[in-house]
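Residue numbers (my numbering): 1 to 104.
The beta-carbon is built from N, C-alpha and C at its ideal position, and this holds for glycine as well.
Taking it in order: structure first as structure tokens, then the write-up.
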């Protein structure tokens, strides 16, 4: 599993809650999940996603074309975001994406 989060305070907090709520540690207390801090200036690393891998994108968004490509690799995507401009880009998106998107 991979969790991509924005490299600011609320992004780090969102990544923390993914870790806490999903119980993502193994029996030795190590994270089974790869947490990847990112920002809007970087291309999304589609080549690092394994087929059918679970992916969380929190407090961050990718371009709709990248999301379509990601969904071709894995349908197990959860996107949680509160940025109005990002949410608006997906108004007519052709596929359902699990998660919460709420501006407010």
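Reduced DSSP category for residue i - H, G, I as helix; E, B as strand; rest coil
i, result
"residue 75", "coil"
"residue 88", "helix"
"residue 4", "strand"
"residue 10", "helix"
"residue 47", "helix"
Burial state of residue i, where buried means 16 or more other Cβ atoms lie within 10 Å
i, result
"residue 3", "buried"
"residue 160", "No answer is possible for residue 160: the residues shown for the chain start at 1 and end at 104."
"residue 77", "buried"
"residue 86", "buried"
"residue 8", "exposed"
"residue 70", "buried"
Within-8 Å CB hit, residue i to chain B
i, result
"residue 1", "In the structure shown, chain B does not exist; there is a single protein chain."
Residue i: first and last residue of the uninterrupted alpha helix (DSSP H) it sits in
i, result
"residue 99", "No alpha helix (DSSP H) contains residue 99, which is instead part of the beta strand (DSSP E) from 98-101."
"residue 35", "No alpha helix (DSSP H) contains residue 35, which is instead part of the beta strand (DSSP E) from 34-38."
Cβ neighbours of residue i in the same chain (closer than 8 Å, five flanking residues each side left out)
i, result
"residue 11", "5, 37, 58, 59 and 60"
Range of the contiguous beta strand (DSSP E) that encloses residue i
i, result
"residue 57", "55-58"
- Message: Check whether the segment 5-22 and the segment 45-63 are in contact - that is, three or more C-beta pairs closer than 8 Å.
- Response: yes
- Query: Is the segment 42-52 close to the segment 95-104, with three or more CB pairs under 8 Å?
  - Reply: no
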